[in-house]
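Numbers in the working numbering are just positions in the sequence shown, counted from 1, shifted up by 107.
Even for Gly, the Cβ is constructed at its ideal location relative to N, Cα and C.
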Amino acid sequence: MSRQFKPKFNRTVKFLVASGFDAQAKDKYGMNVSDYLCNKEKKGLKIWIERDAIIGEGRFGTIFHGNYERREVAVKRVEKRHVKEIEEEALLKFDHPNIVKLLHCEKDNDFMYYALELCVASLNQLFLPKDDLQKYKGRMPRQIEIFHQLASGLAYIHSMKLIHRDMNPRNIFIMRRAGEDEGIIMKWSGFDLAKSVNLKGYWLAPEVLKKLSNKEKAPNEEILGSNKSDVFCLGLVFGYILSEGEHLFGSYANEIDANIIRKKPVNMMKIRDELRKFYEDDLLTKILEHEPEKRMSSAELVEQLESIKNKLKENEKEKEFLLLCARDSSPDLVGKIKDFIRLGINVNVKDFDGRNALHYCFTRNSNPNLHDAIQLLVQLGIDVNAKVKGEYNARTFLLANKWVTNKDEILKLLDEAVLV
Numbered sequence: 108m109s110r111q112f113k114p115k116f117n118r119t120v121k122f123l124v125a126s127g128f129d130a131q132a133k134d135k136y137g138m139n140v141s142d143y144l145c146n147k148e149k150k151g152l153k154i155w156i157e158r159d160a161i162i163g164e165g166r167f168g169t170i171f172h173g174n175y176e177r178r179e180v181a182v183k184r185v186e187k188r189h190v191k192e193i194e195e196e197a198l199l200k201f202d203h204p205n206i207v208k209l210l211h212c213e214k215d216n217d218f219m220y221y222a223l224e225l226c227v228a229s230l231n232q233l234f235l236p237k238d239d240l241q242k243y244k245g246r247m248p249r250q251i252e253i254f255h256q257l258a259s260g261l262a263y264i265h266s267m268k269l270i271h272r273d274m275n276p277r278n279i280f281i282m283r284r285a286g287e288d289e290g291i292i293m294k295w296s297g298f299d300l301a302k303s304v305n306l307k308g309y310w311l312a313p314e315v316l317k318k319l320s321n322k323e324k325a326p327n328e329e330i331l332g333s334n335k336s337d338v339f340c341l342g343l344v345f346g347y348i349l350s351e352g353e354h355l356f357g358s359y360a361n362e363i364d365a366n367i368i369r370k371k372p373v374n375m376m377k378i379r380d381e382l383r384k385f386y387e388d389d390l391l392t393k394i395l396e397h398e399p400e401k402r403m404s405s406a407e408l409v410e411q412l413e414s415i416k417n418k419l420k421e422n423e424k425e426k427e428f429l430l431l432c433a434r435d436s437s438p439d440l441v442g443k444i445k446d447f448i449r450l451g452i453n454v455n456v457k458d459f460d461g462r463n464a465l466h467y468c469f470t471r472n473s474n475p476n477l478h479d480a481i482q483l484l485v486q487l488g489i490d491v492n493a494k495v496k497g498e499y500n501a502r503t504f505l506l507a508n509k510w511v512t513n514k515d516e517i518l519k520l521l522d523e524a525v526l527v
């Protein structure tokens with residue numbers, strides 16, 4: 108960034124140096140006295156950048172940790188020549204809990220600066236390898252809540268007569284609300300602060316991919332997509348979440364675009380059985396409809412997700428969960444319990460007699476992986492002291508179960524949970 112210092116500026120710096128002040132010393136935002144004096148020369152500048160704290164980089168912009176009106180923010184710096192000016196006013200008016208809020212924007216001779224809400228991670232960081240330092244390991248909402256939040260944010264964008272056009276896990280952010288136990292919110296970002304749009308495929312609707320493949324025939328055609336294209340891309344994101352980081356249409360970049368065009372979601376079967384059975388027909392098939400005119404709108408998608416949420420509250424799923432704990436003898440009992448929790452089942456659900464999943468596990472289940480299943484239920488917060496008819500707790504049921512072979516280890520789990 109070029110600077111032309113005024114005489115008053117130079118005199119101030121010389122005076123500070125002569126007084127023994129270290130003009131190169133930096134504060135916690137990476138700013139030295141020259142930076143502050145330079146910014147003072149730029150009247151009205153409110154956004155500060157912590158220059159050594161880069162959060163992310165793109166083709167035309169860099170995102171820094173920064174400060175705006177004594178609030179920690181993410182600052183996106185974009186070269187002015189790449190800025191799409193007509194979007195700024197609209198984005199400043201955006202007011203929805205599932206969209207990263209643009210708080211303020213300003214410019215100097217070379218760049219535009221955008222102060223945005225600061226989030227803790229992007230969605231793609233959730234599925235990084237365990238040993239990756241960038242992996243997000245914090246709390247997440249239930250999957251149905253994630254889907255509903257993202258669909259609500261997209262419907263709002265469409266209601267503002269805008270199209271996102273660049274929907275992928277890197278543009279979905281996880282924000283933690285301070286002071287709230289369940290304060291995790293999913294937020295959309297990445298729409299049109301600059302002219303760069305993801306045109307590499309992978310996260311594009313079939314109708315957009317076809318336009319891209321024909322671009323040589325019609326080089327002046329603007330490839331925009333539509334609201335329905337956004338909905339298809341959201342379906343790709345849902346599949347990515349359900350399959351824990353896999354793309355529905357392939358595992359390699361060179362096959363994904365072709366499979367989208369050919370309607371071949373080759374990784375659909377990688378979604379766990381219970382999740383796929385519940386979501387594939389009710390949700391994924393409808394939003395991954397190949398023909399855009401037959402695809403549901405974002406507003407219709409919000410309604411569909413609300414319907415699914417209501418279904419998950421019905422007793423049938425709760426009964427299935429309890430019976431699973433009582434009877435399942437497969438080696439994947441832990442994974443199946445996780446599936447039900449992801450669907451939104453309350454781990455402390457009880458039958459009419461007051462028995463919870465622990466009581467059911469200790470009634471007849473002799474699964475060799477029962478210890479791991481109980482450990483998971485305890486981690487999920489199941490009530491280990493819940494009593495049936497005011498008298499019999501899970502420990503009583505366990506001691507009466509003649510099929511469980513590792514009772515001592517499981518009793519230790521229950522005792523430790525009581526102490527906590």
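Item, Value
"Report yes or no: do three or more beta-carbon pairs, one from the region 262-271 and one from the region 215-224, lie closer than 8 angstroms?", "no"
"CB-CB under 6 angstroms to leucine 419, same chain, minus the five flanking residues each way: which ones, in chain order?", "Leu450, Gly451"
"Taking only the alpha-carbon atoms, compute the straight-line gap between lysine 519 and leucine 505 and give it to the nearest angstrom.", "12 angstroms"
"With DSSP as the reference, label isoleucine 170 as helix, strand or coil.", "strand"
"Would you check if the distance between the CB atom of asparagine 334 and the CB atom of glutamine 256 is smaller than 9 angstroms?", "no"
"Enumerate in chain order the residues of its own chain whose CB-to-CB distance from phenylalanine 428 is below 6 angstroms, with the five nearest sequence positions on each side excluded.", "Phe447, Ile452"
"Give the DSSP bridge partners of valine 185, in chain order.", "Gly168, Met219"
"Enumerate in chain order the residues of its own chain whose CB-to-CB distance from glycine 488 is below 7 angstroms, with the five nearest sequence positions on each side excluded.", "Val454"
"Might you give, ordered along the chain, the residues of its own chain that have their beta carbon closer than 8 angstroms to the beta carbon of methionine 247, omitting 5 neighbours on each side?", "Leu233, Ile253, Ile281, Ile291"
"Give a yes or no on whether the C-beta atoms belonging to isoleucine 415 and arginine 402 are separated by under 9 angstroms.", "no"
"So, for glutamate 179: in the same chain, excluding its five sequence neighbours on each side, which residues have a beta-carbon less than 8 angstroms away from its beta-carbon?", "His172, Gly173, Leu225"
"Given this structure, state the Cα-to-Cα distance separating tyrosine 56 from histidine 203, to the nearest angstrom.", "A question about residue 56 goes unanswered here, because the residues of the chain that appear run from 108 up to 527."
"Which whole-angstrom value is the C-beta distance of valine 441 and alanine 480, which I expect to be below 8 angstroms?", "5 angstroms"
"Where does tyrosine 359 land, buried or exposed, given buried means 16+ other C-beta within 10 angstroms?", "exposed"
"Using CA atoms only, rank isn't needed, just tell me which of Asn417, Leu382, Val495 is closest to isoleucine 444.", "Leu382"
"Excluding sequence positions up to five away, which residues of its chain have a Cβ less than 7 angstroms from the Cβ of leucine 235?", "Gln241, Lys242"
"Please tell me whether methionine 247 has its Cβ less than 9 angstroms away from any Cβ of chain D.", "Absent here is chain D; the protein component of the structure consists of one chain."
"Measure the CB-CB distance between histidine 478 and tyrosine 499 and report whether it falls below 9 angstroms.", "no"
"Quick check on this structure: which residue in Glu353, Glu176, Ile154, Glu400 has the alpha carbon closest to the alpha carbon of lysine 183?", "Ile154"
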